[in-house]
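Student:
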Amino acid sequence: MAVTIKDIAKMAGVSPTTVSNVINDRSAKAKEETKQRIMKLVEEYNYQPNAIARGLVKGRSKMIGVMLSDITNPYFSQLIDGIEEVASKSGYSILVCNTHNDANKEEKYIDIMKQYCVEGIIFTSCAIKKSEHLQALVNAHYPMVTIDKRIDGFKEVCNVSVDNYISGYLATKYLIDLGHKNIGCITGQLWASNAVDRLNGYKKAMEDYNLPIDESYIYSSKFDMKTGIDGANYFFENNKEITGIVACGDIIGYGIYKAANDANISIPKDLSVIGIDDIFFSDVITPGLTTLKQPIDELAVQATDTLLSLIEGKKVENKSYSYEAKLIVRSSTKELG
1 MAVTIKDIAK MAGVSPTTVS NVINDRSAKA KEETKQRIMK LVEEYNYQPN
51 AIARGLVKGR SKMIGVMLSD ITNPYFSQLI DGIEEVASKS GYSILVCNTH
101 NDANKEEKYI DIMKQYCVEG IIFTSCAIKK SEHLQALVNA HYPMVTIDKR
151 IDGFKEVCNV SVDNYISGYL ATKYLIDLGH KNIGCITGQL WASNAVDRLN
201 GYKKAMEDYN LPIDESYIYS SKFDMKTGID GANYFFENNK EITGIVACGD
251 IIGYGIYKAA NDANISIPKD LSVIGIDDIF FSDVITPGLT TLKQPIDELA
301 VQATDTLLSL IEGKKVENKS YSYEAKLIVR SSTKELG
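Note that the UniProt record's numbering has the sequence shown beginning at 1, numbered continuously upward.
Here you go:
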């Protein structure tokens, strides 16, 4: 069992306050012999101060919270890696909460983060939309930044994102330019701004090129592999004329690959697939997935830098940072003759 500050004080024959003052270099009144005795015990017993308690005393925890929807999605793993790197360079630690897009979990985790005295929160999961928990944070001017998710009704919350509408448009246009006319779209939850924007981009591209928008060519559920499998199977069973699919997330695309393989449908010979994200597996799978590359590392850096500026009380003029995805052509798409 780890020793406490009271244990060190008892062994050193001093008060816990004296131990605290010595450890935190506030011991001007303590004798040198006392300081050495305390620090020897600290080293011998590998005493680690309680970071939360120290944060409460100093009014600083040097910790930021990150709310994400699915830690198993490589997109979020890469995002977390970038956030942690920037935070660490500024002396901050991160507390990660995985919500599975559950509004109740998000509210619970907001309470937990406040208990741990996190100094700001990065949201990549926003299922709660309007809630008393979120409103209380906004009212208190609590430092918050969202990544790739707008929170309806809270325009004052800083948002860092890729232009998802343009991403959906460009992905669809690329298939159209290859000669595809019967194009399906599989996207995530339609309460999420990024899923809606990507779908609307798909619809606009179809409209601009005078192609009919058939609701039976659209499938929405979650940003996960199962959605790709279920959506592709739905198309295979009901819309056999589809020659191309816009996967509004690379991980959805991986599910399409699985369903196509099980149905003996060849990619790209029989079916062209284009994704959005460019997570690292997309260059490894066979065939390589053509996709719209999101600057994930840049999103992480900008969001974390912005949050740290808010925490430090610096004025942040820009409430919205928007990036544009870049087309990465690989082998999952084919021009129709």
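Backbone N, C-alpha and C fix where the C-beta goes; we use that ideal spot for every residue, glycine too.
Tell me the rounded alpha-carbon separation between N264 and V118.
Tutor: The residue labelled residue 264 in the question sits at position 264 within the sequence shown. The residue labelled residue 118 in the question sits at position 118 within the sequence shown. Their backbone Cα atoms lie some 50 Å apart in a straight line.
Student: Please state whether the Cβ-Cβ distance between L336 and I64 is less than 8 Å.
Tutor: Here residue 336 refers to the residue found at position 336 when the sequence shown is read from its first residue. Here residue 64 refers to the residue found at position 64 when the sequence shown is read from its first residue. Contact flag unset, no.
Student: With the cut-off set at 8 Å, would you say I252 and I311 are in Cβ contact?
Tutor: Within the sequence shown, residue 252 is the residue found at index 252, counting from 1. Within the sequence shown, residue 311 is the residue found at index 311, counting from 1. Cβ atoms of I252 and I311: not closer than 8 Å.
Student: Suppose you measure from the CA of A205 to the CA of G120; what does that come to, to the nearest Å?
Tutor: Translated into the one-based positions of the sequence shown, residue 205 becomes position 205. Translated into the one-based positions of the sequence shown, residue 120 becomes position 120. The straight-line gap from Cα to Cα measures roughly 38 Å.
Student: At which residues does the alpha helix (DSSP H) containing K112 begin and terminate?
Tutor: As a first step, residue 112 is located in the sequence shown; it is residue number 112 there, counting from the start. In the sequence on display, residue 112 carries Ile and not Lys. Note, I112: alpha helix (DSSP H), 103-115.
Student: Nearest-angstrom Cα distance between T286 and H100?
Tutor: Position 286 of the sequence shown, counted from the start, is the residue given in the question as residue 286. Position 100 of the sequence shown, counted from the start, is the residue given in the question as residue 100. Cα-Cα distance, rounded: 29 Å.
Student: Helix, strand or coil: how does DSSP classify D177 here?
Tutor: Residue 177 sits at position 177 when you count from the first residue of the sequence shown. Correct three-state label for D177: helix.
Student: Is it buried or exposed for Q294, if we count other Cβ within 10 angstroms and need 16 for buried?
Tutor: The residue you call residue 294 lines up with position 294 of the sequence shown. For Q294, the number of other beta carbons within 10 angstroms of its own is at least 16, and it is reported as buried.
Student: Using beta-carbon positions only, say whether G91 and K114 come within less than 8 Å of one another.
Tutor: Looking up residue 91 in the sequence shown gives position 91. Looking up residue 114 in the sequence shown gives position 114. The answer is no: Cβ separation not under 8 Å.
Student: Where does K89 fall in DSSP's three states?
Tutor: By 1-based counting over the sequence shown, the position of residue 89 is 89. Helix.
Student: According to DSSP, simplified to helix, strand and coil, what is D145?
Tutor: Taking the first residue of the sequence shown as 1, we reach residue 145 at position 145. Residue identity differs from the one stated: residue 145 is Val in this sequence, not Asp. Three-state result, V145: strand.
Student: The alpha helix (DSSP H) spanning N24 covers which residue range?
Tutor: Position 24 of the sequence shown holds residue 24. N24 -> no alpha helix (DSSP H), and no H or E assigned at all.
Student: Mind checking which residues open and close the alpha helix (DSSP H) that includes A9?
Tutor: Sequence index remark: in the sequence shown, residue 9 carries index 9 (1-based). From DSSP, the alpha helix (DSSP H) with A9 extends over 5-12.
Student: Since T291 and I328 should fall inside the 8 Å C-beta cutoff, what is the C-beta to C-beta distance between them, to a whole number of angstroms?
Tutor: Start at 1 with the first residue of the sequence shown, and residue 291 comes out as number 291. Start at 1 with the first residue of the sequence shown, and residue 328 comes out as number 328. Right, their Cβ atoms sit about 5 Å apart.
Student: Assuming I274 contacts L175 (C-beta within less than 8 Å), just tell me the rounded distance between them.
Tutor: Position 274 of the sequence shown holds residue 274. Position 175 of the sequence shown holds residue 175. So it is a contact: roughly 6 Å between Cβ atoms.
Student: Taking 7 Å as the cut-off, does the CB of S220 come closer than this to any heavy atom belonging to the ligand ZN?
Tutor: The ligand ZN is absent from the structure shown, which contains no ligands of any kind.
Student: Could you have a look at V162 and say whether DSSP puts it in helix, strand or coil?
Tutor: For the purposes of this step, residue 162 is taken as the residue at position 162 of the sequence shown. Of the three classes helix, strand and coil, the one that applies to V162 here is strand, per DSSP.
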